[in-house]
Amino acid sequence: MSRLHIADTGLFVAMGQPSNSRYQAVRRFARRNDITFVLPERVYEELTLDDPNIEAPPVNDAIDEGWATVAAPLEFSEPIVSRAMDGVQRYIANADDCPADRG
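Quick note on numbering: the numbering used here labels position 14 of the sequence shown as 1485, and the sequence is numbered without any gaps.
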């Protein structure tokens, strides 16, 4: 089984509900290729906000069906994780043309 890590909410937002052809296509793709989509807790939390004005993407359906899962939190004390996060912050800062340490 392969695992694809999802960095943001975009995939699940774009797929829409299970009746949507995009959702069904991604589900078929995952099943045919034995792929599990792995979401960081932060992404999962964004997808499952309890807001009556927003129709929540069906991430829990995908989890129940076995082709998506929520990852354990990252350990920022691990050197590979902190280097990756620093690199991402630098990349975003360069793309936005602002200092990486500016919030």
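By construction, the Cβ of each residue, glycine as well, lies at the ideal position given by its N, Cα and C atoms. Fair warning: this is a prediction, and the values are worked out from it, not measured in the lab.
Only residues of its own chain outside the window of five on either side were considered, and among them T1480 have a CB closer than 7 Å to the CB of E1517, listed in chain order. Secondary structure at I1506: strand, using DSSP grouped into helix, strand and coil. Counting C-beta pairs closer than 8 Å gives fewer than three between the segment 1548-1557 and the segment 1507-1524, which falls short of the contact rule. One thing to note: P1544 has its Cβ no nearer than 9 Å to the Cβ of P1523.
In the displayed model, L1475 falls within a strand according to three-state DSSP. Take Q1495, set aside five residues on each side of it, and the residues of its chain with a beta-carbon closer than 8 Å to its own are P1489, in chain order. According to the DSSP assignment, A1539 belongs to the beta strand (DSSP E) that extends over 1539-1541. When the beta-carbon positions are compared, A1485 and W1538 stay at least 9 Å from each other.
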